[in-house]
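Protein chains: 2
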Amino acid sequence: MTLTDTLVAVETLDEPTLSIAEVVDRTGVSHDTLRYYEKEGLLAPPRDGGGRRRYREVDIGRVVFITRMRQSEMPIRVLQRYVALVEEGPATERQRLEIMEAHRDAVLARRTELDEALAIIEMKIEIYGGTLGSAGSCGA
Amino acid sequence: MTLTDTLVAVETLDEPTLSIAEVVDRTGVSHDTLRYYEKEGLLAPPRDGGGRRRYREVDIGRVVFITRMRQSEMPIRVLQRYVALVEEGPATERQRLEIMEAHRDAVLARRTELDEALAIIEMKIEIYGGTLGSAGSCGA
DNA sequence: CCTTGACCTGGACCACACTCCAGGTCGTAC
DNA sequence: GTACGACCTGGAGTGTGGTCCAGGTCAAGG
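From first to last, the protein sequence lines stand for chains A and B. For the first sequence, counting from 1, position 8 maps to -8 in my numbering; every step adds exactly one. For the second sequence, counting from 1, position 84 maps to 68 in my numbering; every step adds exactly one.
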């Protein structure tokens, strides 16, 4: 239903769309990865008469969104769930909020871990870059 | 030193050591992972008469160090190189410094990425948590 | 008509970092 | 002396997230 409506809208309203190659150029996401995301249900760009993908602005926005979420280590599975909720409509906004809040917490925790490691790294740099002397004090 | 000397005198000529199970308890690193790290050359705890691993303080320190580096996404391969340099002695300190500086830069870049994603995540939370109204504006 | 290039498909393959397993050994406890 | 638990080994298996490939379609240009 929705897909059909969308296809009709694209064909009749002439929204400008991008080919997959243009999306690759614009987002830096590879052809294969775009196909993979589509296979996993994260994207559903409409097709032209020849079966080729035509990415609308909304599709490109979603590619960028997915990229950001992947960058912050949101698993594909969670993204699948989130996108499915988006497709279901506004009634699912509370669940989407929960997903995002949980993800924010995960990202903050991850950042803390990174900062902890950073302290060690900088200690090592201090030792090696500073005295260049006896540095083998904690196992490595 | 005094405490150590006493224990050494009581036992054999060695410092106190931990069994693998104790290291698991103390570091949270699994038995299998400890074995894996050892196979990859990151650890080399001495063995007792029966061939069982005995972790010295220096070994435990290295386990903790490895854990921190892994936590900050240093690949095993880099860790292998770093540890090999440590084994080679103080002459390699400049190279170790380079590895750590490169890793620090990578971690800082990673943190920036996380922060960028965090901005998007918080935007979503704002949208869903705030008005709970028209939120579907950028593809997801 | 034939070539070229962009695009399509399903499915095999890959790197990474573990994680699990079967089968064997060792040392104390009963 | 045998039962037990902790430990050992090599090697196979797992999950995640892509990445690559062979073979096919289609539209436009020479």
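Virtual Cβ for every residue (Gly too), placed ideally from N, Cα, C.
Determine the contact status of L63 (chain B) and R37 (chain B), defining contact as a CB-CB distance below 9 Å. The answer is no: Cβ separation not under 9 Å.
So, with DSSP's three-state summary, where would you put R40 (chain B)? In the structure shown, R40 (chain B) sits in coil (DSSP, three-state: anything other than H, G, I, E or B).
For a contact defined as C-beta to C-beta under 8 Å, what are the partners of V64 (chain A) on chain B? Inspection of the sequence shows that residue 64 (chain A) is occupied by Gln rather than by Val. Within chain B, no C-beta atom comes less than 8 Å from the C-beta of Q64 (chain A); the nearest is roughly 12 Å away.
Measure the alpha-carbon distance for E100 (chain A) versus K108 (chain A) and round it to whole angstroms. Approximately 13 Å, taken between the alpha carbons.
Taking L69 (chain B) as part of the alpha helix (DSSP H), name the residues at either end of that continuous run. Counting along the chain, the alpha helix (DSSP H) containing L69 (chain B) begins and ends at 60 to 72.
Please classify D9 (chain B) as buried or exposed, where buried requires at least 16 neighbouring CB atoms within 10 angstroms. Classification of D9 (chain B): exposed, given that the 10 Å Cβ count is below 16.
Is the beta carbon of E22 (chain B) less than 9 Å from the beta carbon of P30 (chain B)? The answer is no: Cβ separation not under 9 Å.
Residues in its own chain within less than 6 Å of Y72 (chain A) by CB, not counting five upstream and five downstream? A quick correction: the sequence has Glu, not Tyr, at residue 72 (chain A). Around E72 (chain A): no qualifying Cβ.
Can you confirm whether K108 (chain A), when its beta carbon is compared against all beta carbons of chain B, has any partner nearer than 9 Å? K108 (chain A) has a beta carbon lying within less than 9 Å of a beta carbon in chain B.
Classify H15 (chain B): buried if its beta carbon has 16 or more other beta carbons within 10 angstroms, exposed otherwise. That one is exposed.
Sheet register partners of L2 (chain A) (DSSP bridge): Secondary-structure assignment with DSSP links L2 (chain A) through a beta bridge to A:Y39.
Mind listing the chain A neighbours of G25 (chain B)? Cutoff is C-beta to C-beta under 9 Å, in chain order. Scanning chain A for C-beta atoms nearer than 9 Å to the C-beta of G25 (chain B) yields nothing, as the closest lies near 12 Å away.
Which residue comes first and which comes last in the alpha helix (DSSP H) that contains L102 (chain B)? Boundaries of the alpha helix (DSSP H) harbouring L102 (chain B): 77 to 113, taken from the DSSP string.
Going by DSSP, name the residue or residues bridged to R19 (chain A). The beta-bridge partner set that DSSP reports for R19 (chain A) is empty.
Measure from the alpha carbon of G113 (chain A) to the alpha carbon of each residue in B:L81, B:Y112, B:H87, B:L2, then state which is nearest. Of the listed residues, the one whose Cα sits closest to G113 (chain A) is B:L81.
Option nearest I50 (chain A) by Cα separation, candidates A:T1, A:P0, A:V13, A:S3: Minimum Cα distance to I50 (chain A) is reached at A:V13.
Residue burial classification, D32 (chain B) (beta-carbon count within 10 angstroms, cutoff 16): D32 (chain B) comes out exposed.
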